[in-house]
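Have a look at the structure below, then the notes.
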Amino acid sequence: MEAQRITVALIDHSAGFEASPERVRLGDLTDFSADVATFLRGDGKDVDTKTLEIAIRKGSLAIETMPLLAAPRLFSDLRALLASELLDSVDAKRREVMERWQRAARQTRQLAYRITAPFLDRPILINSESDYHADDADQWVQVERYIRGEIQDLGGVTKANARVKLPDGRTLNVTAERDVLRDDTVNRLYKVAMLRIKAEYNVLTRDLRNARLVEFVEYAPRVDEDELARLTRRGANAWKDVPDATAWVDELRGGTH
Numbered sequence: 033m034e035a036q037r038i039t040v041a042l043i044d045h046s047a048g049f050e051a052s053p054e055r056v057r058l059g060d061l062t063d064f065s066a067d068v069a070t071f072l073r074g075d076g077k078d079v080d081t082k083t084l085e086i087a088i089r090k091g092s093l094a095i096e097t098m099p100l101l102a103a104p105r106l107f108s109d110l111r112a113l114l115a116s117e118l119l120d121s122v123d124a125k126r127r128e129v130m131e132r133w134q135r136a137a138r139q140t141r142q143l144a145y146r147i148t149a150p151f152l153d154r155p156i157l158i159n160s161e162s163d164y165h166a167d168d169a170d171q172w173v174q175v176e177r178y179i180r181g182e183i184q185d186l187g188g189v190t191k192a193n194a195r196v197k198l199p200d201g202r203t204l205n206v207t208a209e210r211d212v213l214r215d216d217t218v219n220r221l222y223k224v225a226m227l228r229i230k231a232e233y234n235v236l237t238r239d240l241r242n243a244r245l246v247e248f249v250e251y252a253p254r255v256d257e258d259e260l261a262r263l264t265r266r267g268a269n270a271w272k273d274v275p276d277a278t279a280w281v282d283e284l285r286g287g288t289h
């Protein structure tokens, strides 16, 4: 397949005017561009979105990529999205974006998203009438739990969040209320922390998604050397009159013969 330009458009009249390159709310532009980057990159990082050149087009507000030479999973997913509204076979990151756009479009009829490419017979349209979803939706349940990991990023201009590297090496993005981060006086960046979160949990894959921070929990996994020494002395004093601890325990149990 020859190089393809992918165009992803935000069609938005919810602010009382049509979003366009000439006029758009900054928060909407930031969220949309972040979603587009995630969608193009995917879980398999098909596209290097940091170096990708784009053009901003009208209609209503569209991001058009420069020609992409090789992104087979992206092209395959676009064909799948055009053929069916079922998201089970789509890359996990693209699925998250599609589900987020579908929810937003249902909540606001003045909002829609459109994806076009030369090799697609028609646009992929996400609006209040579409029904992009995954059949495994019932595998996700709401949970509240504690997680531990290294805080690799904390804050955000438009979306407050924490990026947490879990013990198994995976990274979990946790959204947070601005007040929670603002009122926290502890410098947690690049340190291991314990967090109490609410999230969706997949009972089959054990993955977490749409995590939201409830609170940071004080976590200090260190040994108090003085307290350990005190307990050791106390134990030694308690057992000082027992010449053979093993024989003493055996006697209490009724002997071994």
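This note's numbering puts the first residue of the sequence shown at 33, with every later residue one more than the last.
Glycine included, C-beta positions come from ideal geometry on N, C-alpha and C.
Quick caveat: nothing in here was measured; it's all calculated off a predicted structure.
With the cut-off set at 8 Å, would you say residue i and residue j are in Cβ contact?
i       : j       : result
Leu-106 : Leu-72  : yes
Met-130 : Tyr-178 : no
Ser-162 : Glu-117 : yes
Leu-110 : Met-98  : no
Leu-221 : His-165 : no
Ala-194 : Arg-210 : no
Ala-35  : Asp-75  : no
Val-235 : Gln-171 : yes
Arg-228 : Val-246 : yes
If we ignore side chains and look at the alpha-carbon of each, how far apart do residue i and residue j end up?
i       : j       : result
Ser-121 : Arg-241 : 18 Å
Glu-50  : Leu-93  : 9 Å
Ala-208 : Leu-101 : 38 Å
Ala-103 : Ala-41  : 20 Å
Arg-55  : Leu-143 : 16 Å
Asp-200 : Thr-237 : 14 Å
Phe-248 : Ala-66  : 26 Å
Arg-202 : Asp-80  : 20 Å
Arg-37  : Arg-127 : 21 Å
Leu-260 : Arg-266 : 10 Å
Arg-146 : Trp-133 : 10 Å
Ile-43  : Ala-69  : 17 Å
Arg-217 : Gly-59  : Correcting the residue identity first, residue 217 is Thr in this sequence and not Arg. Their backbone Cα atoms lie some 27 Å apart in a straight line.
Ala-294 : Val-212 : A query on residue 294 cannot be resolved here, the shown segment of the chain reaching from 33 to 289 and no further.
Val-173 : Asp-239 : 11 Å
Trp-280 : Asp-258 : 29 Å
Asp-282 : Leu-263 : 24 Å
Leu-186 : Trp-271 : 51 Å
Arg-141 : Arg-135 : 11 Å
His-289 : Asn-269 : Its pLDDT being 49, under 50, His-289 is placed unreliably in this model, and the value from its coordinates should be taken loosely. Distance between the alpha carbons of His-289 and Asn-269 is about 30 Å.
Ala-243 : Lys-77  : 22 Å
Val-196 : Ser-108 : 31 Å
Looking only at its chain, what residues have a beta carbon closer than 8 Å to the beta carbon of residue i, apart from the 5 residues adjacent to it on each side?
i       : result
Pro-275 : none
Pro-150 : Gln-36, Arg-37
Looking only at its own chain, which residues have a Cβ that is under 7 Å from the Cβ of residue i, when we skip the five neighbours before and after it?
i      : result
Arg-57 : Ala-47
Can you give me the Cβ contacts of residue i inside the same chain, cut-off strictly under 6 Å, excluding the 5 residues immediately before and after it?
i       : result
Ala-137 : Leu-143, Ala-144, Ile-158, Asn-159, Ser-160
Val-224 : Glu-182
Ile-88  : Pro-53
Leu-180 : In the sequence as presented, Leu is not what sits at residue 180; that position holds Arg. Excluding residues within five positions, the ones whose Cβ falls inside 6 Å are Met-226.
| Along the chain, which unbroken stretches of the beta strand (DSSP E) at least 3 residues long are found entirely within the stretch 141 to 215? | 143 to 148, 156 to 158, 172 to 187, 193 to 197, 203 to 207
| field | Continuous alpha helix (DSSP H) assignments of at least 4 residues falling wholly in the stretch 54 to 124 | value | 58 to 73, 104 to 115
| message | Give the list of continuous alpha helix (DSSP H) stretches no shorter than 4 residues that lie fully inside the stretch 231 to 281. | response | 257 to 270
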